[in-house]
Structures are given as structure tokens and as C-alpha cells.
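In what follows, a single structure is set out as C-alpha cells and then discussed.
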């Protein structure tokens, strides 16, 4: 069974879009973690929880959000 060049290109495009999506989610989650840390230091615990939750929602299985 031969794979057409178009199918290969489509697969590569899908993989690249997923890679970009994950990279963007990682950047956004890191920002949320920093904002959560900053809020925690200011004793704004509600905001800290909100930001930590946002980070977790973006990367639920990440080592960064599992702590």
C-alpha cells in the first residue's frame, strides 16, 4: 500500500499544528504559573488559585503543574 505525497504533507501539517499548539499552551501556562506565584506572594490567594488552575487546565499532565 503506497502513501500519497499529499497524505504525507497533510500528516506533517497536522503534526506541526499540534506542536505549535502545545508550545503556545506551554508558554501561556508558564505565564499563568508566574502570575499565580506573584499573586501568592501578595497574599491574593483567590487570584493565585485562579492562575494555577488556568495553568493546570492548559497542561494537566505536565510536571510543572502537578506539584
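In this note's numbering, the protein residues as written are 988 to 1054.
Just so you know, even glycine gets a beta-carbon here, dropped at the ideal spot from N, CA and C.
Problem - Exposed unless 16 or more other CB atoms sit within 10 angstroms - verdict on residue 1038 - result: buried
Handout entry: Extent of the continuous alpha helix (DSSP H) to which residue 1045 belongs
Key = The continuous alpha helix (DSSP H) containing residue 1045 extends over residues 1032 to 1045.
Problem - Exposure of residue 1010, with buried meaning 16 or more beta-carbon neighbours within 10 Å - result: exposed
Practice task
Count the other CB atoms, across all protein chains shown, that sit within 10 Å of the CB of residue 1029; report buried if there are 16 or more and exposed otherwise.
Solution key: Burial state of residue 1029 is exposed, judged by a 10 Å Cβ sphere holding fewer than 16 other Cβ atoms.
Exercise for the section: Under 6 Å Cβ to Cβ from residue 1034, same chain only, skipping five residues before and after it: list those, please. Expected result: 1026
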